[in-house]
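Written below as structure tokens is the structure these notes are about.
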Amino acid sequence: MAQRECLVIIRGDFLREEIYKVLGMHCASCTLAIQRSLYKIGVEADVSLASEELRVRYDPSKIRALDILKAVRRAGYDLYKEEIYIYFKRSLTYEETRILDKILSNAEGIIDSTIDPMGRFVRIIYNPLTTSSQKITELIVSSGFEVSETKSEAVVEDVGERVIRRELERLKISVMISMPLTIILIICYMFGDLINIPLSKDAFLKDLFIGIPLSTIVLGIGSSRFLKTAIRSFLNLSPGMDALVILGTYSTYIFSLLTALRILSGQTFFEASSAVISFVLLGRYIETRLKIRTGEVVKKLAELQPKTARVLRDGLETDVPVEEVKIKDLVVIRPGEKIPVDGVVKDGRGFVNESLITGEPLPVEKNFGDPVYAGTDLVNGSLIVSTTRVGRETVLGQIIRLVRIAQSSRPRVQQIIDKVSGIFTWLVISVAAASFIYWHFVVGASLDKALIFTASVLVVACPCALGLAIPMAIVNGFNKAASLNILIKDAEVIDTGPRITHIIFDKTGTLTLGRPELVRVVSFDHDIDEKKLLILTAVAEKRSEHPLAQTIVSKATEYFKKIPDPDNFENITGQGVVAEINGEMIIVGNEKLIKGFDIDINDDVRKIVDQLAEEGLTVVYVAFNKRLIGVLGIGDMIRSEAYDVVRRLRSEGYKIYMVTGDSKKTAEAVASRLGIEGVFAEISPEEKAEIIEDLKRSGHKVMMIGDGINDAIALSKADLGVAMGGGTDIAREAGHVILVKNDLRGILILLDLMRTIRRKVIQNILWAFIYNIILIPVAAGALYGYGIYLRPELAGLAMALSSISVTISSMTLNRWRPKIM
Numbered sequence: 158m159a160q161r162e163c164l165v166i167i168r169g170d171f172l173r174e175e176i177y178k179v180l181g182m183h184c185a186s187c188t189l190a191i192q193r194s195l196y197k198i199g200v201e202a203d204v205s206l207a208s209e210e211l212r213v214r215y216d217p218s219k220i221r222a223l224d225i226l227k228a229v230r231r232a233g234y235d236l237y238k239e240e241i242y243i244y245f246k247r248s249l250t251y252e253e254t255r256i257l258d259k260i261l262s263n264a265e266g267i268i269d270s271t272i273d274p275m276g277r278f279v280r281i282i283y284n285p286l287t288t289s290s291q292k293i294t295e296l297i298v299s300s301g302f303e304v305s306e307t308k309s310e311a312v313v314e315d316v317g318e319r320v321i322r323r324e325l326e327r328l329k330i331s332v333m334i335s336m337p338l339t340i341i342l343i344i345c346y347m348f349g350d351l352i353n354i355p356l357s358k359d360a361f362l363k364d365l366f367i368g369i370p371l372s373t374i375v376l377g378i379g380s381s382r383f384l385k386t387a388i389r390s391f392l393n394l395s396p397g398m399d400a401l402v403i404l405g406t407y408s409t410y411i412f413s414l415l416t417a418l419r420i421l422s423g424q425t426f427f428e429a430s431s432a433v434i435s436f437v438l439l440g441r442y443i444e445t446r447l448k449i450r451t452g453e454v455v456k457k458l459a460e461l462q463p464k465t466a467r468v469l470r471d472g473l474e475t476d477v478p479v480e481e482v483k484i485k486d487l488v489v490i491r492p493g494e495k496i497p498v499d500g501v502v503k504d505g506r507g508f509v510n511e512s513l514i515t516g517e518p519l520p521v522e523k524n525f526g527d528p529v530y531a532g533t534d535l536v537n538g539s540l541i542v543s544t545t546r547v548g549r550e551t552v553l554g555q556i557i558r559l560v561r562i563a564q565s566s567r568p569r570v571q572q573i574i575d576k577v578s579g580i581f582t583w584l585v586i587s588v589a590a591a592s593f594i595y596w597h598f599v600v601g602a603s604l605d606k607a608l609i610f611t612a613s614v615l616v617v618a619c620p621c622a623l624g625l626a627i628p629m630a631i632v633n634g635f636n637k638a639a640s641l642n643i644l645i646k647d648a649e650v651i652d653t654g655p656r657i658t659h660i661i662f663d664k665t666g667t668l669t670l671g672r673p674e675l676v677r678v679v680s681f682d683h684d685i686d687e688k689k690l691l692i693l694t695a696v697a698e699k700r701s702e703h704p705l706a707q708t709i710v711s712k713a714t715e716y717f718k719k720i721p722d723p724d725n726f727e728n729i730t731g732q733g734v735v736a737e738i739n740g741e742m743i744i745v746g747n748e749k750l751i752k753g754f755d756i757d758i759n760d761d762v763r764k765i766v767d768q769l770a771e772e773g774l775t776v777v778y779v780a781f782n783k784r785l786i787g788v789l790g791i792g793d794m795i796r797s798e799a800y801d802v803v804r805r806l807r808s809e810g811y812k813i814y815m816v817t818g819d820s821k822k823t824a825e826a827v828a829s830r831l832g833i834e835g836v837f838a839e840i841s842p843e844e845k846a847e848i849i850e851d852l853k854r855s856g857h858k859v860m861m862i863g864d865g866i867n868d869a870i871a872l873s874k875a876d877l878g879v880a881m882g883g884g885t886d887i888a889r890e891a892g893h894v895i896l897v898k899n900d901l902r903g904i905l906i907l908l909d910l911m912r913t914i915r916r917k918v919i920q921n922i923l924w925a926f927i928y929n930i931i932l933i934p935v936a937a938g939a940l941y942g943y944g945i946y947l948r949p950e951l952a953g954l955a956m957a958l959s960s961i962s963v964t965i966s967s968m969t970l971n972r973w974r975p976k977i978m
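According to our numbering, the sequence shown is numbered sequentially starting from 158.
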């Protein structure tokens with residue numbers, strides 16, 4: 158495909174012009190909505206409804222492609238884009254991820270890129286009209302990164318884990334070689350005289366036959382990975398921790414080598430340079446082992462997916478790889494097996510453990526027409542299932558994909574830390590240079606002593622701890638959320654969550670169960686009891702397709718095996734139905750229908766009707782031969798946990814509102830029972846979004862909780878949008894968070910967990926800063942007058958421990974328990 162993106166110059170400004178394919182447009186107002194949304198962020202746009210193409214012109218120094226995507230989504234539409242995962246042959250270091258991020262952010266056609274916190278892979282969203290997966294891969298390879306494979310999706314088999322395990326093996330080999338040699342060097346140079354080691358008393362022979370060969374082997378084996386990264390980072394003018402380690406170790410090694418060969422005079426530090434590399438490698442090894450544990454949630458989820466499925470074709474059962482199962486294929490599942498696909502039951506009966514999806518531990522009975530999900534367990538019985546989704550489109554696949562995306566997402570504070578780290582490295586190099594100048598030229602210390610302080614400053618500084626502070630907290634915290642059936646899609650929630658002041662609930666399907674139920678049956682005739690009234694009503698409603706009618710018929714079938722068909726049936730739109738059975742007329746509907754037949758509603762009936770309305774129920778009138786015989790109250794039941802959730806949120810100081818398209822009387826009845834004072838009734842989805850915007854303009858931070866599809870506009874406008882997932886089509890849900898379990902108590906858990914993650918992030922950042930603020934001056938010799946200073950090897954050990962401590966600190970989030978559990 159020809160490239161469809163270029164840079165144009167208009168009035169001296171460099172503007173990028175690009176074409177996107179727009180999804181979801183169907184009228185001229187759609188194009189205007191997109192143009193207005195893009196104009197607000199400073200993007201010139203031409204939208205063609207006929208070709209469904211969007212042509213944009215923008216300043217790439219001010220606007221990113223991701224900003225364009227977000228603006229189009231705010232207007233209620235989407236852009237056609239493609240996604241790839243590029244895996245590396247080894248885990249990237251923190252500074253390598255910064256270099257790669259810089260390269261990708263300036264690349265043409267790339268909308269967004271997120272690098273795995275463990276450096277295993279990069280997820281890239283791109284515009285296929287501008288670039289391709291091949292071009293992107295070539296760009297990364299040409300920048301010096303080693304790519305193992307490129308995938309068009311987040312595969313269930315965790316390629317990233319294989320990469321990190323290979324990296325662990327390489328580190329293990331390096332540590333096993335370097336550590337023993339380093340120990341020999343330390344013993345020979347520090348304790349050789351005491352234990353009479355051969356050659357240790359002759360400095361020249363010791364350097365020539367022990368120091369030079371052993372330290373050269375250690376540096377050759379252990380520092381090669383650091384050297385490549387350091388050179389690349391200097392070429393990109395963004396040196397990081399590896400660059401500091403290389404500067405510190407190679408400066409002491411080269412000085413020691415020149416001293417041993419009598420070109421310079423002073424003390425040699427072969428054991429110091431070797432020890433630094435060994436301690437850094439050991440630190441990386443421990444850190445990598447800990448990182449593997451952070452991916453256990455995704456790994457456990459992936460293991461739930463069976464590798465094969467038993468497909469019924471031409472009457473024969475055949476085991477095939479699950480990737481080869483097609484939509485509508487019939488899959489046979491036997492007792493004790495995991496269900497390999499999403500589908501609906503076509504034959505059989507059984508009980509399925511769906512705790513993976515719903516969080517409920519008790520098995521659920523499955524019969525004809527019931528949905529089942531991949532990864533769940535058939536406890537007993539047998540099922541034949543018609544396939545509706547396979548692979549990454551299953552609920553399990555969507556959960557795995559969202560967890561991976563969330564782990565790779567970066568909050569705004571991470572961008573600040575990245576900038577600080579870039580400046581920090583240059584600052585450390587400056588402090589090291591200043592330290593050398595001060596000790597050697599101002600104080601007059603020997604060259605070797607000045608070099609000790611310089612190398613210690615370079616080695617002890619740890620920008621890596623800063624870089625790990627946020628990603629490790631996010632990975633472990635989001636893993637914990639996933640284990641509690643809460644899917645977090647965007648890392649920004651750790652910043653917005655703790656600052657929420659106002660919480661808005663949608664009523665239907667959020668505070669209520671979202672399905673009508675027959676709550677009350679009231680008979681006004683002594684000869685007609687509640688069951689007879691129900692069967693008469695069901696007969697009249699049997700042919701109606703109205704949801705309330707179906708609710709009545711469904712309830713009646715619990716008491717009567719067969720509902721008779723009416724002899725005659727008439728549906729009166731917006732009012733109800735009129736039916737006839739055995740020559741008798743049955744009228745079922747609202748008050749307007751009853752009054753239309755001149756049927757009297759007396760004061761006693763009116764009191765009962767008003768009471769039902771105050772309870773938030775919809776009233777259905779029933780008349781027999783033009784005589785009112787009873788009423789039915791149908792309502793959407795309030796979730797049992799809603800009362801406690803609202804009470805707890807109010808006690809924590811949140812302002813609670815409820816929004817709904819239902820009538821004012823029904824809405825006020827529900828709100829009154831829950832203790833919610835702010836009620837907005839009879840409003841459209843667009844008006845819900847306007848309410849959120851008004852609150853935000855007043856300086857409030859707003860959380861919206863609603864249906865992920867119907868309330869998509871309001872959820873996207875909120876600072877924090879939470880979708881009640883229901884476990885059916887998670888990827889389509891709008892919002893920043895999805896409650897897979899469909900339980901409102903997840904809101905309390907979410908807010909509590911976000912506060913905990915944020916505290917952990919702050920704790921990690923403070924530790925990283927305090928560590929550097931204290932130890933860099935010590936390494937520079939600030940306490941040398943008191944006999945306290947850091948040798949390079951101890952500085953290397955301290956630096957390794959700093960990164961490990963941040964990693965271990967973040968992993969404590971895995972042991973976190975919600976207060977309400």
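All C-beta atoms in this analysis are idealised placements derived from N, C-alpha and C, irrespective of residue type, glycine included.
Checklist entry - With 16 as the cutoff for other CB atoms within 10 Å, does H659 come out buried or exposed? => result Position 502 of the sequence shown, counted from the start, is the residue given in the question as residue 659. That one is buried.
Item to check | Reference V617; option with closest CA among V213, L954 and L223 | outcome: Walking along the sequence shown from the start, residue 617 turns up at place 460. Out of V213, L954 and L223, L954 has the C-alpha closest to the C-alpha of V617.
Next on the checklist: Give me the DSSP bridge partner(s) of N725.
Outcome noted: As a working mapping, residue 725 is identified with position 568 in the sequence shown. DSSP, once it has assigned bridges, lists E737 as partnering N725.
Checklist entry - In terms of residues, what are the limits of the beta strand (DSSP E) holding T475? => result Indexing the sequence shown from 1 puts residue 475 at position 318. Counting along the chain, the beta strand (DSSP E) containing T475 begins and ends at L473 to P478.
Next on the checklist: Quick check: what's the CA-CA separation for A639 versus V560?
Outcome noted: Here residue 639 refers to the residue found at position 482 of the sequence shown. Here residue 560 refers to the residue found at position 403 of the sequence shown. Between A639 and V560, the C-alpha separation is close to 7 Å.
Item to check | For L392, the first and last residue of its enclosing beta strand (DSSP E) | outcome: On the sequence shown, position 235 is the one that residue 392 refers to. Where L392 is concerned, there is no enclosing beta strand (DSSP E), although the alpha helix (DSSP H) it sits in stretches over S381 to L392.
Next on the checklist: Strictly by DSSP, which residues pair up with T506?
Outcome noted: The residue labelled residue 506 in the question sits at position 349 within the sequence shown. Per the sequence shown, the amino acid found at residue 506 is Arg instead of Thr. BP columns for R506 point to S539.
Checklist entry - At what residues does the beta strand (DSSP E) containing I281 begin and finish? => result Within the sequence shown, numbered from 1, the residue matching residue 281 stands at position 124. Element bounds for I281: F278 to Y283.
Checklist entry - Should K845 go down as buried or exposed, given a rule of 16 or more other Cβ atoms within 10 Å for buried? => result Numbered from its first residue, the sequence shown carries residue 845 at position 688. Of the other Cβ atoms in all chains shown, 16 or more fall within 10 Å of the Cβ of K845; this residue is therefore buried.
Checklist entry - Taking P655 as the reference, which of A937, L296, K858 and V279 has the closest Cα? => result Start at 1 with the first residue of the sequence shown, and residue 655 comes out as number 498. Cα-wise, what sits closest to P655 is K858.
Next on the checklist: Quick check on DSSP: helix, strand or coil for D652?
Outcome noted: Here the question's residue 652 lines up with position 495 in the sequence shown. Of the three classes helix, strand and coil, the one that applies to D652 here is helix, per DSSP.
Checklist entry - Does the count of Cβ pairs from the region 710-729 and the region 685-700 closer than 8 Å reach three? => result The region 710-729 vs the region 685-700: in contact.
Item to check | Beta-carbon contacts of P256 that lie in its chain and below 8 Å, excluding the five residues immediately before and after | outcome: Within the sequence shown, numbered from 1, the residue matching residue 256 stands at position 99. Before going on, a small fix: residue 256 reads as Ile here, not Pro. Same-chain partners within the cutoff: S300, R389, S390, N393 and S395.
Item to check | E252 to M956 span [Cα, whole Å] | outcome: Position 95 of the sequence shown holds residue 252. Position 799 of the sequence shown holds residue 956. Distance between the alpha carbons of E252 and M956: 15 Å.
Checklist entry - In the DSSP assignment, what residue or residues form a beta bridge with Y244? => result To locate residue 244, count along the sequence shown from 1; it is residue 87. Per DSSP, the beta bridge partners of Y244 are F278 and E306.
Next on the checklist: Does D663 pass the burial test, meaning 16 or more other C-beta atoms within 10 Å, or should it be called exposed?
Outcome noted: Taking the first residue of the sequence shown as position 1, residue 663 is located at position 506. Burial check for D663: the Cβ neighbour count within 10 Å reaches 16 or more, so the residue is buried.
Next on the checklist: Would L211 and I191 qualify as a contact pair, given that the criterion is a beta-carbon distance under 9 Å?
Outcome noted: Residue numbering aside, residue 211 sits at position 54 when the sequence shown is read from its first letter. Residue numbering aside, residue 191 sits at position 34 when the sequence shown is read from its first letter. Their beta carbons are under 9 Å apart, which means L211 touches I191 by this criterion.
Next on the checklist: Would the region 419-426 count as touching the region 591-598 if we require 3 or more Cβ pairs under 8 Å?
Outcome noted: Short answer: they don't touch.
Checklist entry - Can you tell me the Cα-Cα spacing of P673 and I573, whole angstroms? => result Here residue 673 is taken as the residue at index 516 of the sequence shown, counted from 1. Here residue 573 is taken as the residue at index 416 of the sequence shown, counted from 1. Roughly 50 Å separates the two Cα atoms.
Item to check | Rounded distance between the beta-carbons of G790 and V779, thought under 8 Å | outcome: What you label residue 779 is simply residue 622 of the sequence shown in a count that begins at 1. What you label residue 790 is simply residue 633 of the sequence shown in a count that begins at 1. V779 to G790, Cβ: 12 Å. No contact.
Item to check | Reduced DSSP category for V316 - H, G, I as helix; E, B as strand; rest coil | outcome: Locating residue 316 in the sequence shown gives position 159, where the first residue counts as 1. In this prediction, V316 scores a pLDDT of 48, lower than 50, which makes its location untrustworthy; the coordinate-derived value is nonetheless stated afterwards. DSSP places V316 within a helical segment (H, G or I) once states are collapsed to three.
Checklist entry - Under a Cβ-count criterion, where at least 16 other Cβ atoms within 10 Å of its own Cβ denotes burial, should H683 be classed as buried or exposed? => result Translated into positions along the sequence shown, residue 683 becomes position 526. Per the 10 Å Cβ criterion, exposed.
Checklist entry - From what residue to what residue does the alpha helix (DSSP H) around R912 run? => result As a first step, residue 912 is located in the sequence shown; it is residue number 755 there, counting from the start. That run of the alpha helix (DSSP H) goes R902 to A936.
Checklist entry - Nearest to E460 by CA position, among I260, Q291, L438 and T533, is which residue? => result Taking the first residue of the sequence shown as 1, we reach residue 460 at position 303. Closest in alpha carbon position to E460, among I260, Q291, L438 and T533, is T533.
Item to check | Inter-stretch contact (C-beta, 8 Å, three-pair minimum) for the region 910-925 and the region 625-638 | outcome: With the cut-off at 8 Å, the region 910-925 and the region 625-638 touch.
Checklist entry - For L223, which residues from the same chain have a beta carbon less than 7 Å from its beta carbon, with the 5 sequence-adjacent residues on both sides left out? => result As a first step, residue 223 must be located in the sequence shown, where it is residue number 66. Only residues of its own chain outside the window of five on either side were considered, and among them I268 and D269 have a CB closer than 7 Å to the CB of L223, listed in chain order.
Item to check | Neighbourhood of I631 by C-beta, 6 Å cutoff - its chain only, sequence neighbours within 5 removed | outcome: Here residue 631 refers to the residue found at position 474 when the sequence shown is read from its first residue. Excluding residues within five positions, the ones whose Cβ falls inside 6 Å are A648.
Checklist entry - Can you tell which of A939, K483 and V536 has its C-alpha closest to the C-alpha of T545? => result For the purposes of this step, residue 545 is taken as the residue at position 388 of the sequence shown. Here the closest residue by C-alpha is K483.
Checklist entry - Is it true that the CB of G526 sits closer than 9 Å to the CB of V502? => result Translated into the one-based positions of the sequence shown, residue 502 becomes position 345. Translated into the one-based positions of the sequence shown, residue 526 becomes position 369. It is a contact, given that the beta carbons lie within the stated cut-off.
Item to check | is_contact[P949, chain E] using C-beta, thresh 9 Å | outcome: In the structure shown, chain E cannot be found, because there is only a single protein chain.
Checklist entry - Is the CB-CB distance between V304 and T288 below 9 Å? => result Here residue 304 corresponds to residue number 147 of the sequence shown, with the count starting at 1. Here residue 288 corresponds to residue number 131 of the sequence shown, with the count starting at 1. In this structure, T288 does not lie closer than 9 Å to V304 by Cβ.
Checklist entry - Unbroken beta strand (DSSP E) runs of length 3 or more, entirely within the region 763-797: which are they? => result Uninterrupted beta strand (DSSP E) stretches at least 3 residues long and entirely within the region 763-797 occur at 775-781 and 784-795, given in chain order.
Checklist entry - I think G903 touches A826, with their Cβ atoms under 8 Å apart; what is that distance to the nearest whole Å? => result Stepping through the sequence shown from its first residue, residue 903 is reached at position 746. Stepping through the sequence shown from its first residue, residue 826 is reached at position 669. Not a contact, Cβ separation roughly 25 Å.
Checklist entry - Roughly how many angstroms separate the alpha carbons of S248 and R805, rounded to a whole number? => result Sequence index remark: in the sequence shown, residue 248 carries index 91 (1-based). Sequence index remark: in the sequence shown, residue 805 carries index 648 (1-based). Pairing S248 with R805, the inter-Cα distance amounts to about 44 Å.
Item to check | Alpha-carbon spacing of T254 relative to K853, whole angstroms | outcome: Locating residue 254 in the sequence shown gives position 97, counting from the first residue. Locating residue 853 in the sequence shown gives position 696, counting from the first residue. So the two alpha carbons sit approximately 35 Å from each other.
Checklist entry - Which residues in the same chain have their Cβ closer than 7 Å to the Cβ of I434, if we skip the five residues on either side of it in sequence? => result Your numbering for residue 434 matches position 277 in the sequence shown. Setting aside the 5 residues that flank it on each side, I434 is surrounded in the same chain by S335, V375, L376, G379, S380 and T406, each with a C-beta closer than 7 Å to its C-beta; the list follows chain order.
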